[in-house]
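Only one structure is covered here, and it is reproduced in the block below.
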């Protein structure tokens, strides 16, 4: 059974309805339509503030740069800017949005593995804090671009720390088998290029990132120690200390509410802000007080600041098993299919009622559009024929629960809320099957409700199409 204590402090309940910041989520769904993302400004700002304060408590020269790929909505960027955070971007488009939101250039760092000459030129021209260099080839490209502009680019070398972290292979970025960063054997070439373009490139820092949803604090500790060793070595060949060391992000969100059995990858035993405070303090000991520390949290800032409201549009039975069909599928929440991510569900208009197990799916003409691991289930069914005594097989191959516990009376017309959907959602929506992309509102601290992304209209479905002659 879901009650207000189980999902607090992110959401609560009143008169059987789910609430967020005191707003009745069922009423919001009825008034604004579904699917609908609902963001809490108070939660978003609170997360940003706690991260900044924790990092600064651990190290006197810490700067938290919000990873805008998690959610680059202008209202979100403006809120984290107001709380004293910088911003990390991964493209010219994200740089444009950060500047449009009023983030000052010297608080922006530019990541990415395939920066174009145009993007590099824009970053140099704007005078951002640093471009994180992903390869020797890219360092040369930056040098050539800066020299042609008559400017000097400030860069940080992105290194591969050999530390793996993250809930799934697709979001692990710290090992040699990932596409990110430079290996130790790349550094002599990078050093030669930096010397060749000494008039156009200044190496001012180092950068690493080990993954996303990293619940193991030891992985951050190992990454910090690696970066401290590299900072000393690279500072020696530069003949001067580095200005900053960027330890990346990856801090986790607790997606699990209640029983976490089999869902450890989506859980977080330690508060993310507390983790970054400890990492900052350890880095201060390793690097000393003069080197600025940068952090790039994204998921942990915005993940639990939003819910997705969706309407039950159909119900059917396979034998005795009820199936619910929502108006939100992977076109609205792509991680539910792309990496089989877990988002907790609640029947928003039936909070506190007795529960029953449902199979829950989306509206798309696609069997993968479901909130269970259809691929993993089929693999398990195939493998168990040859491994009938393997008690750990199902847990090893099936990533998501087969059923969701929702109010037993849940039926068409009811509102289902998916929790903790603030990260990696808004920008990844797409209009598959002619389904319009969802809108988003923000619950302002002043108590009002404001659109921060308008929902698509039918005209948006053909806006970019070129009619046949």
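Residue numbers (full-length UniProt numbering): 1 to 469.
Note that the Cβ used here is the ideal one computed from N, Cα and C, for glycine as well.
Quiz prompt | Host alpha helix (DSSP H) of residue 207 (start-end) | solution = Position 207 of the chain shown, counted from the start, is the residue given in the question as residue 207. Careful: residue 207 lies outside any alpha helix (DSSP H), inside the beta strand (DSSP E) at 201-207.
Quiz item: With DSSP run on the structure shown, which of helix, strand or coil describes residue 125?
Solution: Within the chain shown, the letter at position 125 stands for residue 125. Residue 125 falls in the helix class under three-state DSSP.
Quiz item: Is the segment 362-370 in contact with the segment 411-423, if contact means three or more CB pairs nearer than 8 Å?
Solution: no
Quiz item: How many Å lie between residue 382 and residue 329 at the Cα?
Solution: The residue labelled residue 382 in the question sits at position 382 within the chain shown. The residue labelled residue 329 in the question sits at position 329 within the chain shown. A direct Cα-Cα distance of roughly 27 Å separates residue 382 from residue 329.
Quiz item: At what residue ranges does the segment 407-445 contain a whole run of the beta strand (DSSP E), taking only runs of 3 or more?
Solution: 415-419, 439-443
Self-check item: For residue 232, the nearest candidate out of 287, 280, 343, 75 (CA to CA)
Solution: Counted from its first residue, the chain shown places residue 232 at position 232. If we check each option's Cα against that of residue 232, 287 comes out closest.
Quiz item: Closest to residue 116 by CA distance: which of 141, 95, 224, 101 is it?
Solution: As a working note, residue 116 is residue 116 in the chain shown. Residue 141 is the option with its Cα nearest to residue 116.
Practice problem: Measuring alpha carbon to alpha carbon, tell me which of 290, 390, 321, 254 ends up nearest residue 343. | Solution: Counted from its first residue, the chain shown places residue 343 at position 343. Minimum Cα distance to residue 343 is reached at 254.
Exercise. Can you say whether residue 299 is buried or exposed, counting buried as having 16 or more other CB atoms within 10 angstroms of its CB?
Key: Within the chain shown, numbered from 1, the residue matching residue 299 stands at position 299. The residue in question, residue 299, is buried, as its Cβ has 16 or more Cβ neighbours within 10 Å.
Quiz item: Is it the case that the CB of residue 15 approaches a heavy atom of the ligand NAP more closely than 6 Å?
Solution: Although the ligand NAP was asked about, the structure shown includes no ligands whatsoever.
Self-check item: Proximity winner among 294, 72, 252, 458, relative to residue 440 (alpha-carbon distances)
Solution: Taking the first residue of the chain shown as 1, we reach residue 440 at position 440. Comparing Cα-Cα distances from residue 440 to each of 294, 72, 252, 458, the minimum goes to 72.
Practice problem: Counting only runs of 3+ residues fully inside the segment 275-308, write out the beta strand (DSSP E) ranges in chain order. | Solution: 292-295
Quiz item: What are the boundary residues of the alpha helix (DSSP H) that includes residue 38?
Solution: The residue given as residue 38 occupies position 38 in the chain shown. Here residue 38 belongs to no alpha helix (DSSP H); instead the beta strand (DSSP E) covers 36-40.
Quiz item: Ordered along the chain, which non-local residues of its own chain (more than five positions away) have a Cβ less than 7 Å from that of residue 205?
Solution: Sequence index remark: in the chain shown, residue 205 carries index 205 (1-based). So the qualifying residues of the chain are 130, 156, 242, 243, 244, 245, 246.
Quiz item: Is the segment 73-89 touching the segment 33-44 in the sense that three or more CB pairs, one from each, lie closer than 8 Å?
Solution: yes
Exercise. Leaving out five residues on either side along the sequence, give the residues of the same chain with a beta carbon under 6 Å from the beta carbon of residue 186.
Key: In the chain shown, counting from the first residue as 1, residue 186 sits at position 186. Closer than 6 Å at the Cβ level, and outside the excluded window around residue 186, lie 136.
Practice problem: Spatial neighbours of residue 350 within its chain, please: CB distance less than 7 Å, with the 5 preceding and 5 following residues excluded, ordered by chain position. | Solution: Position 350 of the chain shown, counting from 1, holds the residue named residue 350. Cβ neighbours of residue 350 beyond the five flanking positions: 16, 407, 409, 410, 414.
Quiz item: Under a three-way DSSP split, which group does residue 385 fall into?
Solution: As a working note, residue 385 is residue 385 in the chain shown. If DSSP states are grouped into helix, strand and coil, residue 385 belongs with coil.
Exercise. Quick one: give me the first and last residue of the alpha helix (DSSP H) that residue 251 is part of.
Key: To locate residue 251, count along the chain shown from 1; it is residue 251. Neither: residue 251 is in no alpha helix (DSSP H) and is coded neither H nor E.
Quiz item: Are residue 373 and residue 404 close, meaning C-beta to C-beta below 7 Å?
Solution: Residue numbering aside, residue 373 sits at position 373 when the chain shown is read from its first letter. Residue numbering aside, residue 404 sits at position 404 when the chain shown is read from its first letter. Going by C-beta atoms, residue 373 is not nearer than 7 Å to residue 404.
Practice problem: Take residue 171 and list the residues in its own chain whose beta-carbon comes closer than 6 Å to its own, dropping the five residues that flank it on each side. | Solution: Taking the chain shown and counting its residues from 1, the one referred to as residue 171 is at position 171. Because the pLDDT at residue 171 is just 41, under 50, the model does not fix this residue reliably, and the value given afterwards should be weighed accordingly. Taken in chain order, the residues that qualify are 211, 212.
Quiz item: Nearest to residue 31 by CA position, among 445, 335, 310, 462, is which residue?
Solution: Numbered from its first residue, the chain shown carries residue 31 at position 31. Of the listed residues, the one whose Cα sits closest to residue 31 is 310.
Quiz prompt | Contact check, residue 124 vs residue 101, beta carbons under 7 Å | solution = Counting from one through the chain shown, the residue named residue 124 turns up at place 124. Counting from one through the chain shown, the residue named residue 101 turns up at place 101. No.
Quiz item: Expressed to the nearest angstrom, what Euclidean distance is found between the alpha-carbon atoms of residue 19 and residue 307?
Solution: Position 19 of the chain shown, counting from 1, holds the residue named residue 19. Position 307 of the chain shown, counting from 1, holds the residue named residue 307. Using only the alpha carbons, I get a separation of about 10 Å.
Quiz item: Any idea if residue 89 is buried or exposed, counting beta-carbon neighbours within 10 angstroms, 16 or more meaning buried?
Solution: Numbered from its first residue, the chain shown carries residue 89 at position 89. So residue 89 counts as buried.
Quiz item: So, residue 48 versus residue 85, is the Cβ gap smaller than 7 Å?
Solution: The residue given as residue 48 occupies position 48 in the chain shown. The residue given as residue 85 occupies position 85 in the chain shown. Yes, Cβ-Cβ distance for residue 48 and residue 85 is below 7 Å.
Quiz item: Taking buried to mean at least 16 other C-beta atoms within 10 Å of its own C-beta, is residue 183 buried or exposed?
Solution: For the purposes of this step, residue 183 is taken as residue 183 along the chain shown, with counting starting at 1. Residue 183 is exposed by the Cβ-count criterion.
Self-check item: For residue 313 and residue 111, the rounded distance between their alpha carbons
Solution: In the chain shown, residue 111 corresponds to position 111, counting from 1. In the chain shown, residue 313 corresponds to position 313, counting from 1. Near 41 Å, if we compare the C-alpha coordinates of residue 313 and residue 111.
Self-check item: Through-space distance from residue 455 to residue 430, alpha-carbon basis
Solution: Numbered from its first residue, the chain shown carries residue 430 at position 430. Numbered from its first residue, the chain shown carries residue 455 at position 455. Their Cα atoms are separated by approximately 12 Å.
Quiz item: What are the boundary residues of the beta strand (DSSP E) that includes residue 360?
Solution: Mapped onto the chain shown, residue 360 falls at position 360. Per DSSP, the continuous beta strand (DSSP E) segment holding residue 360 begins and ends at 355-361.
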